[in-house]
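Q:
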Ligand SMILES: Cc1cc2nc3c(=O)[nH]c(=O)nc-3n(C[C@H](O)[C@H](O)[C@H](O)COP(=O)(O)OP(=O)(O)OC[C@H]3O[C@@H](n4cnc5c(N)ncnc54)[C@H](O)[C@@H]3O)c2cc1C
Ligand SMILES: Cc1cc2nc3c(=O)[nH]c(=O)nc-3n(C[C@H](O)[C@H](O)[C@H](O)COP(=O)(O)OP(=O)(O)OC[C@H]3O[C@@H](n4cnc5c(N)ncnc54)[C@H](O)[C@@H]3O)c2cc1C
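Chains as they are written, first to last, in the numbering used here: chain A, 1 to 392; chain B, 1001 to 1392.
#1: Where residue 197 of chain A and residue 206 of chain A are concerned, what is the direct C-alpha to C-alpha distance, given to the nearest angstrom?
#2: Keeping to the same chain, check which residues put their C-beta closer than 8 Å to that of residue 391 of chain A; ignore five residues upstream and five downstream.
#3: Looking at the C-beta of residue 1268 of chain B, does it have a partner C-beta in chain A at a distance below 9 Å?
#4: Just to confirm, does residue 158 of chain A get its C-beta within under 8 Å of one of the non-hydrogen atoms of ligand 1?
#5: Less than 8 Å between the CB atoms is what I'm expecting for residue 362 of chain A and residue 342 of chain A, so what's the real figure, rounded?
#6: Please confirm if residue 357 of chain A has its CB atom under 9 Å from at least one CB of chain B.
#7: Bridge partners of residue 1343 of chain B, per DSSP?
#8: Do you know whose CA, among A:234, A:388, A:258, A:345, lies nearest residue 35 of chain A's CA?
#9: Within the present structure, is the beta-carbon of residue 383 of chain A separated from the nearest heavy atom of ligand 1 by less than 8 Å?
#10: Please list, in chain order, all residues of the same chain as residue 82 of chain A whose beta carbon is under 6 Å from its beta carbon, the five residues on each side excluded.
#11: Do the segment 263-275 of chain A and the segment 217-235 of chain A meet, that is, are 3 or more Cβ pairs less than 8 Å apart?
#12: Flag residue 369 of chain A as yes if its beta-carbon sits less than 9 Å from any beta-carbon of chain B, otherwise no.
#13: On a Cα-Cα basis, can you pick out the residue from A:183, A:388, A:46 that is closest to residue 141 of chain A?
#14: What does residue 379 of chain A touch in chain B if you count any residue whose Cβ is under 7 Å from its own?
#15: Please compile the residues from chain A whose C-beta is within a distance smaller than 7 Å of the C-beta of residue 1252 of chain B.
#16: Kindly examine ligand 1 and report whether one of its heavy atoms sits closer than 8 Å to the Cβ of residue 1328 of chain B.
#17: Which residue from B:1308, B:1181, B:1131 puts its Cα closest to that of residue 1173 of chain B?
#18: Measuring CB atoms only, is the segment 1093-1105 of chain B touching the segment 1033-1046 of chain B, in the sense that at least three cross pairs come out at less than 8 Å?
#19: Using CA coordinates, which residue listed in A:21, A:88, A:377 is at the minimum distance from residue 322 of chain A?
#20: Does ligand 1 have a heavy atom nearer than 8 Å to the CB of residue 1263 of chain B?
#21: In its own chain, which residues sit with a C-beta less than 6 Å from the C-beta of residue 1388 of chain B, not counting the 5 before and 5 after it?
#22: Go ahead and label residue 1104 of chain B buried or exposed: buried means 16 or more other beta carbons lie within 10 angstroms of its beta carbon, across all protein chains shown.
#23: Could you tell me the boundaries of the alpha helix (DSSP H) in which residue 45 of chain A lies?
#24: Using CA coordinates, which residue listed in B:1183, B:1018, B:1373 is at the minimum distance from residue 1149 of chain B?
#25: Under a Cβ-count criterion, where at least 16 other Cβ atoms within 10 Å of its own Cβ denotes burial, should residue 1306 of chain B be classed as buried or exposed?
#26: Could you check whether the Cβ of residue 145 of chain A sits closer than 9 Å to any Cβ belonging to chain B?
#27: Contact between the segment 120-137 of chain A and the segment 155-170 of chain A is defined here as three or more beta-carbon pairs at a separation below 8 Å; is this criterion met?
#28: For ligand 1, any of its heavy atoms closer than 8 Å to the Cβ of residue 1369 of chain B?
#29: Select from the segment 1195-1218 of chain B all residues with a C-beta closer than 7 Å to any C-beta belonging to chain A, and list them in chain order.
#30: Of all the CB atoms in chain A, is at least one closer than 9 Å to the CB of residue 1128 of chain B?
#31: Which one of A:372, A:313, A:312 has the shortest CA to CA distance from residue 1336 of chain B?
#32: Using a Cβ-Cβ distance cut-off of 9 Å, determine whether residue 1392 of chain B contacts chain A.
#33: Mind pulling the chain A residues with CB within less than 7 Å of residue 1264 of chain B?
#34: Pull out every residue of the segment 252-276 of chain A whose Cβ sits closer than 9 Å to any Cβ of chain B, in chain order.
#35: When DSSP builds the beta bridges, which residues end up paired with residue 1158 of chain B?
#36: Could you tell me which chain B residues have their CB closer than 9 Å to the CB of residue 173 of chain A, listed as they occur along the chain?
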């Protein structure tokens, strides 16, 4: 048992710092924070990361991964989040790519992976449907073979950033025989295909990231099928486990909590700073202590994955705890903003409003409610632990 | 012991409920929120015709002569209907202050206009720095001739931009957080030197920051005694807290019944999701939260009506309980609606946002818990319901 950094680790940390200092410019930071410029800016950033070889560190080295140790991963994540640098967009790099390099054929790997690495394509995830949320296997969007094409009909919902996407990876029904998990296929669909319609959904934070995607006789070449027809569920399940690693967001929550403390120092009312309020201090330290433990839970899972274990039900634990903590920090920030916590975006300057973070606190808190719903709701994660860990 | 409403109170309740059902559905509310004023003059006129605007005023001024229970009954129904019209700002706060401290001629001048719907009011008390400290007032009123000149800024003023008349808390003597030395002034919102910028809060409210640049008012603008404004606002804030918490209880009840209804119709895994015991127990918990919040409200309204010696303690407890139960209920409501709960389209999010804004008005949970503790254990027992401490 030893969790201290080696000399190589320290050298690595210095390299990460030097890179961020140079590559993550103030201008880039500002544009990434502006929802109108976000897509362009994050793509620019990911291209910089790719040039450094760090955009997909956890991919197998042969496809472009960095071959980092768990400690290096930890160091990188800590440095990234302590600077408030947003994580990469997961849909291509963290979600579909692992499916492609694990289950795809050589042609598919050659065709898609380099473009994902270089952020040439923007991907979105087409799993959920109006009738298939937690019960994903109930999905109905149909793909019927017609010569060398599948013809896709149906609708996906809650598709994040479909409005930006060049490609969508979908679970579609190719057979309705047997168990519902059987007969699902994993299909890559070009968003420019005829018959696709994207309808925006305004979310609780008054932003537009969610969409409904309709498929009306969309023709998809058979070479876009991953693996075997009707076996998509197995591939998707492997992907879901991947999606959940890193979901604990420990480093991001640590940074957010530090930020809350800083903000609370500046809130002085009746001659007293909020940070000196014992009730407030208790709330902060309750979260901090949970985070200290979660940081090590996260490392334990990482270490076991590195030792060859597959991220299984442990990642459910990380998701539940990680999102609960994330939401508590967001709530704390709202409370620091007091009566300014409800401010909606406006053309007015923050200085006119009289508050610099009220609107941002509202936005992150409101959107943050989704973290316990998406990626498999926390109730579903608990069902997974009950079954897979406790054997119920 | 009698928890029944009087015949008149039952009629009031039923008339609001009928109005909401027939004339104020969620789409109507949405279009009102989206309008430039963020309220409907037409609806307001209906309120006047139905007699609701007259409830707390004495019969000699054309009022209904109602007390805290009457207001509670109405506010609870307003909560259920998610009514965004400025009843609280105009009738409860602006009207309440006039009731509490107005001279006969001031009452005669302003109250009939409130009752017939022609005059909208607002209470301008918050400042950038003041958080939940009611006595933290920097805006000044300086004697000039036989009147006063006002300078300073008020922020997040509810109904501030639509109001015809403002009641402004300003310092006439003493230091920043002193309770003595605050005076209240009735100010024409269109007076020279009054500048308003409006923005929206997430619950749809149209609020304003209002600056006063050498605004001259006559001696007759002084509401109550010179330097004696704090006691007046403190008392009216007490009434306001009960009214707001009544609205909150209405919101909570609706959230619970809508969530229950949703889970009884939403199917996943081939069954309605209300059949999962994990969710049943959660809804039992939110049901109990609702009952607790309601009981606390009834306690507090009785204490207010009887002007009990430990009224402050009751009100702090009410605000703590309302915050806690409200948050519990809206978080569960969103979570149990899954993706639907994260949309702007469904009313669930809007009920949640209103509850959040109520929690952030006149002190949040931590604030009131601190006050409650000070009364229970502290040497520096507080004697202001929405004030941080006596330290100043
Ligand atoms: C912001 C956001 C972004 C999203 N992005 C994407 C995306 O990019 N691509 C995509 O495909 N999907 C996406 N989703 C969809 C997300 O995966 C689903 O919302 C989620 O799976 C829940 O499904 P549902 O919304 O249909 O809720 P439901 O499944 O109807 O669940 C409703 C409630 O019932 C509970 N519940 C359901 N079953 C059980 C059970 N067996 N036991 C106990 N409780 C249960 C749930 O936990 C939840 O609280 C996104 C969702 C959100 C909110
Ligand atoms: C101090 C004490 C005094 C008592 N005095 C008396 C007495 O005077 N007379 C008498 O007749 N009995 C008495 N009892 C017995 C008491 O009523 C039983 O203990 C109780 O009914 C629970 O039964 P059990 O102990 O068999 O637990 P179980 O019924 O086996 O329950 C075990 C656990 O499972 C949970 N559980 C069970 N069913 C469900 C379900 N459907 N859904 C969710 N959770 C469930 C329970 O809540 C409990 O947590 C007493 C018990 C105690 C501890």
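A virtual CB, placed ideally from N, CA and C, is assigned to each residue, including glycine. Being a predicted model, the structure only gives us computed values, none of them experimental.
A: Working from what's here:
#1: For residue 197 of chain A and residue 206 of chain A, the distance between alpha carbons rounds to 22 Å.
#2: No residues qualify anywhere along the chain.
#3: Contact of residue 1268 of chain B with chain A is assigned, a C-beta pair being separated by under 9 Å.
#4: Result yes, Cβ under 8 Å from ligand 1.
#5: So it is a contact: roughly 6 Å between Cβ atoms.
#6: With a threshold of 9 Å between beta carbons, residue 357 of chain A makes no contact with chain B.
#7: Answer by DSSP bridge pairing, in chain order: A:203.
#8: Considering only alpha carbons, the answer is A:345.
#9: Yes, the Cβ of residue 383 of chain A comes within 8 Å of a heavy atom of ligand 1.
#10: Closer than 6 Å at Cβ, skipping near neighbours: 255.
#11: Using a Cβ-Cβ distance cut-off of 8 Å, the segment 263-275 of chain A and the segment 217-235 of chain A are not in contact, since fewer than three pairs of beta carbons, one from each stretch, lie closer than that value.
#12: It does; some Cβ of chain B falls within 9 Å.
#13: That would be A:183, whose Cα lies nearest to the Cα of residue 141 of chain A.
#14: Near residue 379 of chain A (Cβ distances below 7 Å), the residues of chain B are 1278.
#15: Under the 7 Å cutoff, chain A gives no residues; its nearest Cβ is about 17 Å from residue 1252 of chain B.
#16: Checking every heavy atom of ligand 1 against the Cβ of residue 1328 of chain B, none is found closer than 8 Å.
#17: Checking every option, the nearest Cα to that of residue 1173 of chain B belongs to B:1181.
#18: No, the segment 1093-1105 of chain B does not touch the segment 1033-1046 of chain B.
#19: The option with the nearest alpha carbon to residue 322 of chain A is A:377.
#20: Residue 1263 of chain B has its CB nearer than 8 Å to a heavy atom of ligand 1.
#21: Reliability of the predicted coordinates at residue 1388 of chain B is poor, the pLDDT of 44 falling under 50, and the value obtained from them is presented with this limitation in mind. Hits under 6 Å: 1133.
#22: Residue 1104 of chain B counts as exposed, since fewer than 16 other beta carbons sit within 10 angstroms of its beta carbon.
#23: Judged by DSSP secondary structure, residue 45 of chain A falls within the alpha helix (DSSP H) whose first and last residues are 38-52.
#24: It is B:1183.
#25: Exposed is the call here.
#26: It does not: the Cβ of residue 145 of chain A has no partner Cβ on chain B nearer than 9 Å.
#27: Yes: at least three Cβ pairs fall under 8 Å.
#28: Residue 1369 of chain B has its Cβ no nearer than 8 Å to any heavy atom of ligand 1.
#29: The segment 1195-1218 of chain B vs chain A, Cβ under 7 Å: 1197, 1199, 1200, 1201, 1202, 1203, 1209.
#30: At least one chain A Cβ lies under 9 Å of residue 1128 of chain B.
#31: For residue 1336 of chain B, the closest alpha carbon among the candidates A:372, A:313, A:312 is that of A:372.
#32: Because residue 1392 of chain B carries a pLDDT of 33, less than 50, the predicted location of this residue cannot be relied on, and no value is offered for it.
#33: Simply none; closest approach about 16 Å.
#34: Those residues of the segment 252-276 of chain A that come within reach of chain B (Cβ to Cβ, closer than 9 Å) are 267, 268, 269, 270, 271, 272, 274.
#35: Per DSSP, B:1207.
#36: By Cβ distance, chain B contributes nothing, its closest Cβ being about 16 Å from residue 173 of chain A, past 9 Å.
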